[in-house]
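Read through the structure below, which is laid out as structure tokens, and then see the notes.
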Amino acid sequence: MCWNQQTSAAFTALGLAAAWAVHRATGNTKMTAAILFFCLMELLQSVQYFFIADRLGDPACFNKINQILTLVGYLHIQLQPYFTNLYLQAFRPSTGKAKKNEHVAWALVQKLCLAQCALGLSRVLLSPSLWDRSRLSAQEESYYAATRDWLEGPELCTYRGAVHLAWSIPLQRPGYFVPAMGLHAFLMFVPVLCIGGLAELDSVAFLMGTGPILSMYLTRNAHEQASIWCFFSTMQCAIGAASAVLQHRSASSKTPQNPYETRPRLKNTATPSKQPARRARKAVDYSED
1 MCWNQQTSAA FTALGLAAAW AVHRATGNTK MTAAILFFCL MELLQSVQYF FIADRLGDPA
61 CFNKINQILT LVGYLHIQLQ PYFTNLYLQA FRPSTGKAKK NEHVAWALVQ KLCLAQCALG
121 LSRVLLSPSL WDRSRLSAQE ESYYAATRDW LEGPELCTYR GAVHLAWSIP LQRPGYFVPA
181 MGLHAFLMFV PVLCIGGLAE LDSVAFLMGT GPILSMYLTR NAHEQASIWC FFSTMQCAIG
241 AASAVLQHRS ASSKTPQNPY ETRPRLKNTA TPSKQPARRA RKAVDYSED
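Residue 161 in the UniProt record's numbering is what sits at position 161 of the sequence shown, and the numbering runs on without skipping anything.
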């Protein structure tokens, strides 16, 4: 394996430092919360190494702690679109891309992401082979032995992959009402393009290139690709945090003291010394009458 428990712990520390820097420099609670969320995954992976199996079918796969931590990882993955969009929403104002009243669209996106999370979790709850595989028929056993989707596997287990740890989860067969992991991809990348347009292509390209595309390049194991992306997500957050802090400092140095004043006020052309004179002339005129 290229990465180990110490590497995951180090990236947890990196993410915590990035969250602290963003919160201290900008006070942006949404961005801070998103970074901390992705730190939790690296912390989880650090703990999983204590209970990891060497391969599928290993006795360690039947360890309840191994199985529960695997499900916690799956829950985290299903919530990732929500926190990714929260992060992108928080980042847009610092880049000057934010539009008026776009928070309404983001609120809708967040609700859709929560619905996606519920649908993703339903694949676990509806799976007939989550805990007891002895009840499966030979045909069902053959089906669940083949991996067709990210994380879908024959048994519930976290095991060692070629590059990083791998997650195998027996999931319900996708159908019209039960989506595959493609819905996760859709809500990770499409909403910000719908709201921000082509101006967000750079953000999407960076997120996609250093996330799923890079993980697929490093391994063909569909159980392992998700964990590798989670590993790199901390680095993605750290780079975004550094950019946000620098942009915030640059904007602060150019902002006038009054944040509601976009340009200096024009001086009153009538000086105080002239105004009393006018009043004095009027007083004289009235006295002459």
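Note that the Cβ used here is the ideal one computed from N, Cα and C, for glycine as well.
Please report the Cβ distance between serine 127 and proline 170, rounded to the nearest whole angstrom; I am assuming they are in contact, meaning their Cβ atoms lie under 8 Å. 5 Å
Got a sec? Which residues, its chain only, sit under 6 Å from phenylalanine 83 by beta carbon, not counting five neighbours each side? Ala34, Phe37
Nearest by alpha-carbon distance to alanine 13: which of Arg249, Val245, Ala242, Ala238 is it? Ala238
Using the Cβ count rule (16 or more neighbours within 10 Å means buried), how would you classify serine 137? exposed
Close beta carbons around histidine 103, own chain, < 8 Å, minus the five adjacent residues each side: Gln89
With distances taken between CB atoms, is the gap from serine 122 to valine 190 smaller than 8 Å? no
May I ask which residues mark the beginning and end of the alpha helix (DSSP H) holding cysteine 157? Looking at the DSSP string, cysteine 157 is not in any alpha helix (DSSP H); the run it does join, the beta strand (DSSP E), is 157-160.
Which complete beta strand (DSSP E) runs does the stretch 149-192 hold, if anything under 3 residues is left out? 157-160, 165-168
Please state the DSSP three-state secondary structure of residue 304. For residue 304 there is no data in the structure shown, the boundaries of the chain being 1 and 289.
DSSP-derived helix/strand/coil call for alanine 98: coil
For the pair the stretch 56-76 and the stretch 151-162, tell me if three or more CB-CB distances fall below 8 Å. yes
Span of the alpha helix (DSSP H) holding serine 46? 29-48
Just tell me which of Ala118, Met235, Ala180, Ala162 has its CA closest to the CA of threonine 210. Met235
Three-way DSSP call (helix, strand, coil) for valine 72 in this model: helix
So is glutamine 139 buried or exposed if we call it buried at 16+ other beta carbons inside 10 Å? exposed
To the nearest whole angstrom, what separates the beta carbons of alanine 180 and aspartate 149, a pair I think is in contact under 8 Å? 5 Å
What whole-angstrom Cβ distance do tyrosine 87 and methionine 31 have, given they're in contact under 8 Å? 6 Å
Should glycine 15 go down as buried or exposed, given a rule of 16 or more other Cβ atoms within 10 Å for buried? buried
The stretch 66-86 touching the stretch 109-119, judged by at least three CB pairs closer than 8 Å: yes
Quick one: residues in its chain with C-beta nearer than 6 Å to the C-beta of methionine 188, no 5 flanking neighbours on either side, listed in chain order? Pro81, Thr84
Through-space distance from alanine 25 to arginine 249, alpha-carbon basis: 8 Å
Might you give, ordered along the chain, the residues of its own chain that have their beta carbon closer than 6 Å to the beta carbon of isoleucine 65, omitting 5 neighbours on each side? Phe51
Go ahead and label tyrosine 159 buried or exposed: buried means 16 or more other beta carbons lie within 10 angstroms of its beta carbon, across all protein chains shown. buried
Distance, isoleucine 195 Cα to cysteine 117 Cα: 21 Å
Is the beta carbon of tryptophan 167 less than 8 Å from the beta carbon of leucine 151? yes
Beta-carbon within less than 8 Å of phenylalanine 232's beta-carbon, same chain only, minus the 5 sequence neighbours each way: which residues are those? Thr210, Gly211, Leu214, Ser215
Span separating the alpha-carbon of valine 124 from that of leucine 69: 14 Å
Taking the runs of the alpha helix (DSSP H) that are 4 residues or longer, which of them lie wholly in the stretch 206-233? 214-218
Limits of the alpha helix (DSSP H) - the one that cysteine 113 falls within: 103-125
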